[in-house]
Structure formats: structure tokens, C-alpha cells
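Under the numbering used here, the first residue of the sequence shown carries the number 382, and numbering increases by one thereafter.
Accompanying notes for the structure given below.
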Amino acid sequence: MATPAPASPHVLFTAVRRADGSTGDLLVSGGRIAAHDPAELPGGCVTVHAAGALALPSPVDAHIHPDKSTWGGPWLSREPAATLRDLIDGDVRARAAITAPVEERAGALMDRAVAHGTRAMRAHVDVAPVHGLAGVRGVRAAADARRDLLDVQIVAFPQLGLLSEPGTAELMEQALSEGADVVGGLDPVGIDGDLHGQLDFVFGLAARTGAPLDIHLHDGGPEGIRQVTEIARRTLAAGMGGRVTLGHAFAVAELAGAELDAVARLLAEAGVSLVTCALGADPVLDPARLAPHGVRLGVGSDGVRDAWTPFGDGDMIARAHLLAYRTDARTDAGLAACYEAVAQEGAALLGLPASRLETGDPADFVLVDAGSVAEAVVDRPVPSLVVRGGRIIARDGRLLRRG
Ligand SMILES: [Zn+2]
Numbered sequence: 382m383a384t385p386a387p388a389s390p391h392v393l394f395t396a397v398r399r400a401d402g403s404t405g406d407l408l409v410s411g412g413r414i415a416a417h418d419p420a421e422l423p424g425g426c427v428t429v430h431a432a433g434a435l436a437l438p439s440p441v442d443a444h445i446h447p448d449k450s451t452w453g454g455p456w457l458s459r460e461p462a463a464t465l466r467d468l469i470d471g472d473v474r475a476r477a478a479i480t481a482p483v484e485e486r487a488g489a490l491m492d493r494a495v496a497h498g499t500r501a502m503r504a505h506v507d508v509a510p511v512h513g514l515a516g517v518r519g520v521r522a523a524a525d526a527r528r529d530l531l532d533v534q535i536v537a538f539p540q541l542g543l544l545s546e547p548g549t550a551e552l553m554e555q556a557l558s559e560g561a562d563v564v565g566g567l568d569p570v571g572i573d574g575d576l577h578g579q580l581d582f583v584f585g586l587a588a589r590t591g592a593p594l595d596i597h598l599h600d601g602g603p604e605g606i607r608q609v610t611e612i613a614r615r616t617l618a619a620g621m622g623g624r625v626t627l628g629h630a631f632a633v634a635e636l637a638g639a640e641l642d643a644v645a646r647l648l649a650e651a652g653v654s655l656v657t658c659a660l661g662a663d664p665v666l667d668p669a670r671l672a673p674h675g676v677r678l679g680v681g682s683d684g685v686r687d688a689w690t691p692f693g694d695g696d697m698i699a700r701a702h703l704l705a706y707r708t709d710a711r712t713d714a715g716l717a718a719c720y721e722a723v724a725q726e727g728a729a730l731l732g733l734p735a736s737r738l739e740t741g742d743p744a745d746f747v748l749v750d751a752g753s754v755a756e757a758v759v760d761r762p763v764p765s766l767v768v769r770g771g772r773i774i775a776r777d778g779r780l781l782r783r784g
């Protein structure tokens, strides 16, 4: 049986390994990091022995689809798919056959993510006439029931197309007034065949609601870069720097050398962030190539055990491993940069306070069996403890009983 979390607002974690390799004590008070190696302890302080486990800032999942997931349910067999449209159509058919409600499936995936350390997620949730707002409502209900465990942002995501799917634009408006936090978009050219039409709508809705914008962009090659360039131009013109994100951005990931440097400079200047999911054979954005230009790069799971993919598990330490593997990270610095993208870049992308385990930071961290961040990225340990706001919420991959 899981050990109950300490009820005291003051917890001293002893023998905690830090990123620099040193070991010391960490005092948490009122949900924040209060001191390293404190000389005095507050009254009623509870002690938790970390036994040399490494403390890592809790990871963030910057791109996930909980409404599509079958997590916690029976195995789903996938149909063959040759194109993006095949995947979209197969998803609609599969979803019609799944009987478990969105709230149950999304909640099971959130529990799994939290138990493996995730402190926050940005959930892209389908908004389309065939689904109505059932996804947004189900994911919101699952998130509300777990508001003490993680932060969830919901993106109203036009998975079937926006202008090309009549009725979707009206549902997007409604979603933003009924629980969605972020305006989504999808391949303005590849799916809608109307670059300016889709961008007029999503930038307009973002301006009217004050919501950030997060666009899936699978379109590759020069056509993809034309869309990236136009989105950067509009971001600057609208004064939305820091509030616009491109998911996948395969067109950017395909670039190298001077071409990549030029696009990276453009994105950094405009304040357009990127998210990569390090998926299968798809092009992957490399933190080592983007960070020097100041481009914010978050990392996400994308689909987890849904009609699109049998893979994924909501574990963002494992996702840092995939990013490192796909980008051929070898040095300790390169491996640590992949975790930096997962934890710090993700938090910044979602507008959350940084958790770097420094005094005053939110006490959101995990303890893992590893000697260094680089080793953790390679070994993918399950956190022995997950701490949120100073409270232990999971142990050895399992949520603790909630009171
Ligand atoms: Zn996605």
C-alpha cells in the first residue's frame, strides 16, 4: 500500500542529489522550495529520506491528445493509412466504436502522466461537427477532477479541417467560451487549402478572446516554410509574440545549415514557439540547433494509444529519451538539453512559473534513481516520488490515494 503523503506544509527531503552531482537537504514550505541545506527547521517539519535520488524539475507535456486515447481500455487495432487524411478518417471511425466516455479515457491517461511526473499538459482536443464539444467537455471534466494533481490547458483543435469542414468555425467559437483555453489550427494549406482564410480566422479568434494560438503544421517542404513565414509575420503584426506555437513543424525540422538558421532567427524574432514529439520516422526539431537562436522548443507525447498510433505512454522522461535518440544527442550537455526542453521550455510555453529547484520556485519535482540528468534521459527511470506544490502525489509510478 502506498505511504500517505506528509500532511505538514513543511517537508525536509534529505540526501537529495542535485543536477551538479552534489547531495544535500531540500526544505519545502508552503508549496515552494524554501532552502537548500537549512540551518534550522520549522516546527512540525516532516522528513522524507531521498537516499541519494536525483531531483529533476517536473516535466511538462506540451502537446497531447487525451480525447483520442484508449488508455485504460481494451486494445485497439489500427487500420492501414497512407496519408494524413487516411489517419483522420480512421480516427473518426475508431472513435465512433469506442464506448468509454472521453472523461474516463482522458482521466486515465492524465493519472498515468502524473504518476510519471507530468506537472502540466496542453491537450489538443478535437472540435468538429461529428464530435461536437463532447471532447472539450470530457477533457475539462477530467482535468477539473485532477486540478490538485496537474494543470491542463485545452486547445480547441479543428482536426477534420476548419474552413473545409462546415460548422467547425462556429464550434471553435463556442469551445473558447465553454472551457477551451487555446485556439488551435491545422495545416492551413494541406487540410483547408486556404492559407489566409484559416489564418484570418484563428488569429481573429485569438485576438477576440485573448487566447494563445497553437497550430499543427505537418505540411513540409517550401509550402510548409511559406506557412511558417506567414504565421511569423502575422504574430509580429498582431503583437502576439510568445503566444503562438507551431506543433510538429516538419518543414522546419527538414532544414539544415544556413536555411535552418534563417528560419530559426525569424521564429525567435517573432516569438513563435515550436513543439516536437520525436515521432517515428517524422522529422524532429533539434534543441541543439534551435536553442542558440533563442527559439522556444517544447516537447509533447502527441497521440497516445489512439487510432493514429499504438505507441505512447504519457511518460515525458521517456519522451526526453526519444528526443535525445532521434537527434543523436551524445554528450551530457546534449542529453540534458533534451530534458531542459521537456521541463523548462514546456513550462514557459504553457505560461507556468519555472521550477528549477531554486529557492522560491514551486516545489514541483520528481525523484529518480540516476546519477545525473544525462543518465536519467538515457535510463528513463520511473520516479520514486512525484512532488507537486510540496506534496507527494505519486510513488514508484502509482498515484497516492487522494483525500
Ligand atoms: Zn497533435
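Every residue, glycine too, gets a C-beta built ideally from N, C-alpha and C.
Proximity below 7 angstroms, CB of residue i to CB of residue j
i	j	result
residue 647	residue 655	no
residue 393	residue 401	no
residue 569	residue 580	yes
residue 751	residue 716	no
residue 487	residue 517	no
residue 664	residue 678	no
residue 442	residue 697	yes
residue 735	residue 728	yes
residue 504	residue 520	yes
residue 704	residue 719	yes
residue 635	residue 591	no
residue 564	residue 587	yes
Rounded straight-line distance, which links the Cα of residue j to that of residue i
i	j	result
residue 458	residue 474	12 angstroms
residue 762	residue 547	46 angstroms
residue 382	residue 480	Any reading at residue 382 must be qualified, since the residue scores a pLDDT of 37, below 50, and its modelled position is unreliable; the value itself is stated next. Roughly 32 angstroms separates the two Cα atoms.
residue 772	residue 757	22 angstroms
residue 792	residue 680	Look at the range of the chain in this structure, 382 to 784, and you will see that residue 792 is not part of it.
residue 494	residue 524	12 angstroms
residue 730	residue 722	10 angstroms
residue 410	residue 738	13 angstroms
residue 571	residue 498	35 angstroms
residue 476	residue 684	13 angstroms
residue 426	residue 500	24 angstroms
residue 450	residue 724	23 angstroms
residue 631	residue 464	15 angstroms
residue 434	residue 768	13 angstroms
residue 582	residue 660	29 angstroms
residue 584	residue 553	12 angstroms
residue 416	residue 508	45 angstroms
residue 782	residue 447	22 angstroms
residue 709	residue 676	19 angstroms
residue 779	residue 682	19 angstroms
residue 536	residue 506	6 angstroms
residue 759	residue 671	21 angstroms
residue 706	residue 421	44 angstroms
residue 540	residue 567	7 angstroms
residue 575	residue 454	38 angstroms
residue 688	residue 489	17 angstroms
Exposure label - residue i; buried when at least 16 CB within 10 Å
i	result
residue 384	Confidence is the limiting factor: at residue 384 the pLDDT is only 48, short of 50, which leaves the residue's position unreliable, though a coordinate-based value still follows. Per the 10 Å Cβ criterion, exposed.
residue 651	buried
residue 466	exposed
residue 784	Model confidence at residue 784 stands at a pLDDT of 48, short of 50, so the residue's coordinates are unreliable and nothing is read from them.
residue 577	exposed
residue 403	exposed
residue 638	exposed
residue 766	buried
residue 439	buried
residue 460	exposed
residue 456	exposed
residue 616	buried
residue 549	buried
residue 673	exposed
residue 397	buried
residue 774	buried
residue 657	buried
residue 424	exposed
residue 726	buried
Per DSSP, the bridge partner or partners of residue i
i	result
residue 410	391, 413
residue 747	437, 767
residue 430	395
residue 610	Its beta-bridge partners do not exist; DSSP assigns none.
residue 442	502
residue 594	564, 625
residue 785	Only positions 382 to 784 of the chain appear in the structure, and residue 785 is not among them; the question remains open.
residue 752	The partner list for residue 752 (beta bridge, DSSP) is empty, contrary to what the question assumes.
residue 775	767, 780
residue 404	398
Check: residue i C-beta below 6 angstroms from any heavy atom of ligand 3
i	result
residue 505	For the structure depicted, ligand 3 is absent and the ligand set comprises only ligand 1.
Please specify which runs of the alpha helix (DSSP H), each continuous and at least 4 residues long, are wholly inside the region 626-672, giving them in chain order. Whole alpha helix (DSSP H) segments, 4+ residues: 631-634, 638-651, 668-671.
Tell me the start and end of each unbroken beta strand (DSSP E) in the region 684-745 that is at least 3 residues and wholly inside, in chain order. For the region 684-745, not a single whole beta strand (DSSP E) run of length 3 or above is found.
Runs of 4 residues minimum, wholly inside the region 501-582: which ones carry the alpha helix (DSSP H) assignment? For the alpha helix (DSSP H) assignment, the uninterrupted runs of no fewer than 4 residues enclosed by the region 501-582 are, from N- to C-terminal side, 515-525, 549-558.
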